[in-house]
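Engineer: My questions all concern the structure below.
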Amino acid sequence: MLAMNDASRERVLVPRVRQRLDAIATVLLVGPGTSFLADPAVRAALPDVDVLLTGWGCPRIGPEVLEAAPKLQAILHAAGSVKAIVDPAAFDRGIQVSSAATANAQPVAEFTVAAIVLAGKRAFRLAAQYRLERRKADPHGMPGSYGTTVGLLGASRIAKMVAERLRGFDLEVLISDPYLTTDQAAALGAELVDNDTLFRRSDILSVHAPLLPETVGLVDARLLGLLKDGSSLINTARGKIIDSDALIRECATGRIDAILDVTDPEPLPPDSPLLDLPNVFVTPHVAGAVGNEIARLGELAVSELERLAAGQPLEHAISPAEIGRLA
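Quick note: the working numbering has the sequence shown finishing at residue 582, numbered continuously throughout.
Rendered as structure tokens:
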């Protein structure tokens, strides 16, 4: 059974992926925004459903839905976090859960690495100044990409991909995460430090923490104040992780640059200072999968279904212990 909205289905299950799906499964569609139990046809089909292939727009799979689907073996999510749609009762039932978060993480990691390289040249600020002043700026004071210290706040899936991709650069990589060990950080080519050290030492700091109650406003005025003059702050995680008022105040001084793909609120109001400051570069939440990249999520989910059909273990399974740490 497919449970995602129409727009998602068309972008995630492109023809080549849909052909693979149809070759191994009998598919029942679920309309956009439809409750599993509100639609009589869907409700009637649930007792025979072995697998739910979900995506953006999927209704929550609560205890009542699980009870109505006694044969359900797996929930394969062709999108990112499953936290909002999968009830913990699914794990109690022994239902396997998989997520395409890895496929969505790849373009975010690529975007972040590109931002890190450009931040090393202070390219975003200099481009804005060039546009406003119509003169070439003095490149003195740019850190560049040699010997620069890059800090990663959080050891998320994306942060780990970023660290791996930075191995090809002559950079020092720091990472801060309460769940990461020194050996695990070293395996990523990074040094494990605390948050204060991360902010003090980084020339470029990239935020990768999940949005949890304890991370709302994590990057506050005090931490922002620890950043070096001329440093850059990148956020491709969630806007609420950074105290917006504190960020505006810090950026208004011109002391740091900010590259923001996510903001709080999102979108920003038209009169937000962040849209006018020359040292702030804002993109409208485009780091994640867009365009052709979205098909990668469908390919991952269908590959998981093929493994399931072949009696093989899922490659991107989510455990109950992980749910509490997911955004």
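Glycine residues also receive a C-beta, built at the ideal position from the N, C-alpha and C atoms.
In the DSSP output, which residue or residues are listed as bridge partners for residue 512?
Structural biologist: Its beta-bridge partners are 487.
Engineer: Ignore the nearest five residues each way along the sequence and tell me which others in residue 345's own chain have a CB closer than 7 Å to its CB.
Structural biologist: If we look at residue 345 and ignore the five residues flanking it on each side, its Cβ neighbours are 316, 321, 330 and 352.
Engineer: Do residue 409 and residue 462 have their CB atoms nearer than 8 Å?
Structural biologist: Yes. Within cutoff.
Engineer: Tell me where the alpha helix (DSSP H) around residue 279 begins and ends.
Structural biologist: Counting along the chain, the alpha helix (DSSP H) containing residue 279 begins and ends at 270 to 279.
Engineer: Count the other CB atoms, across all protein chains shown, that sit within 10 Å of the CB of residue 521; report buried if there are 16 or more and exposed otherwise.
Structural biologist: Under this definition residue 521 is an exposed residue.
Engineer: Identify which residue in 512, 308, 297 and 450 has its Cα closest to the Cα of residue 378.
Structural biologist: Among 512, 308, 297 and 450, the Cα nearest to that of residue 378 belongs to 512.
Engineer: Is it true that the CB of residue 464 sits closer than 8 Å to the CB of residue 440?
Structural biologist: No, Cβ-Cβ distance for residue 440 and residue 464 is not below 8 Å.
Engineer: Which term fits residue 568, buried or exposed, when burial requires 16 or more other beta carbons within 10 angstroms of its beta carbon?
Structural biologist: With fewer than 16 Cβ atoms within 10 Å of its Cβ, residue 568 is classed as exposed.
Engineer: Note the first and the last residue of the continuous beta strand (DSSP E) segment covering residue 355.
Structural biologist: Where residue 355 is concerned, there is no enclosing beta strand (DSSP E), given that its DSSP letter is neither H nor E.
Engineer: Bridge partners for residue 309 per DSSP, in chain order?
Structural biologist: Answer by DSSP bridge pairing, in chain order: 258 and 332.
Engineer: Do residue 381 and residue 403 have their C-beta atoms within less than 8 Å of each other?
Structural biologist: Contact: no.
Engineer: Alpha carbon to alpha carbon, how far is residue 241 from residue 487?
Structural biologist: The chain is shown from 256 up to 582; residue 241 falls before or after that span and cannot be answered.
Engineer: So who's on the other strand from residue 408, going by DSSP bridges?
Structural biologist: Per DSSP, 431 and 462.
Engineer: Alpha carbon to alpha carbon, how far is residue 257 from residue 283? Give it in angstroms, no decimals.
Structural biologist: Whole-angstrom Cα-Cα distance: 6 Å.
Engineer: Quick one: does residue 455 have its CB under 8 Å from some CB of chain D?
Structural biologist: Looking for chain D here will not work: only one protein chain is present.
Engineer: So for residue 379, helix, strand or coil by DSSP?
Structural biologist: In the structure shown, residue 379 sits in a helix (DSSP, three-state: H, G or I).
Engineer: Nearest to residue 460 by CA position, among 417, 468 and 438, is which residue?
Structural biologist: Closest by alpha carbon: 417.
Engineer: If you follow the beta strand (DSSP E) that residue 536 is part of, which residue opens it and which one closes it?
Structural biologist: It spans 535 to 537 - the beta strand (DSSP E) in which residue 536 sits, taken as one unbroken run.
Engineer: Quick check: the Cα distance between residue 205 and residue 554, rounded to an integer number of angstroms?
Structural biologist: This structure cannot speak to residue 205, because the chain is shown only from 256 to 582.
Engineer: Specify whether the segment 463 to 483 and the segment 491 to 506 touch according to this definition: at least 3 beta carbon pairs, one from each stretch, less than 8 Å apart.
Structural biologist: In short, these stretches touch, since the Cβ pair count reaches three.
Engineer: Quick one: grab the DSSP three-state call for residue 414.
Structural biologist: DSSP places residue 414 in helix when its eight states are reduced to three.
Engineer: Among residues of its own chain, excluding the 5 on either side of residue 466, which ones have a beta-carbon nearer than 8 Å to its beta-carbon?
Structural biologist: Within the same chain, residue 466 has close Cβ partners 492, 493, 495, 496 and 582.
Engineer: Helix, strand or coil for residue 572? Go by DSSP, reduced to three states.
Structural biologist: Looking at residue 572 - three-state DSSP - the assignment turns out to be strand.
Engineer: Could you spell out where the alpha helix (DSSP H) holding residue 348 opens and where it closes?
Structural biologist: Neither: residue 348 is in no alpha helix (DSSP H) and is coded neither H nor E.
Engineer: Compare the C-alpha of residue 450 against each of 407, 544 and 393 and name the closest.
Structural biologist: Among 407, 544 and 393, the Cα nearest to that of residue 450 belongs to 407.
Engineer: Please state the DSSP three-state secondary structure of residue 453.
Structural biologist: It is helical.
Engineer: Find out if the Cβ-Cβ distance for the pair residue 323, residue 301 is shorter than 8 Å.
Structural biologist: A contact, by the Cβ cut-off of 8 Å.
Engineer: Tell me which same chain residues have a C-beta within less than 6 Å of the C-beta of residue 607, skipping the five on either side of it?
Structural biologist: Residue 607 is absent from the model: the chain starts at 256 and stops at 582.
Engineer: Measure the alpha-carbon distance for residue 398 versus residue 541 and round it to whole angstroms.
Structural biologist: The straight-line gap from Cα to Cα measures roughly 26 Å.
Engineer: Does the separation of the CB atoms of residue 429 and residue 456 fall below 8 Å?
Structural biologist: Yes; because the gap between Cβ atoms is below 8 Å, this pair is in contact.
Engineer: With H, G and I counted as helix, E and B as strand and the rest as coil, what does DSSP make of residue 497?
Structural biologist: If DSSP states are grouped into helix, strand and coil, residue 497 belongs with the strands.
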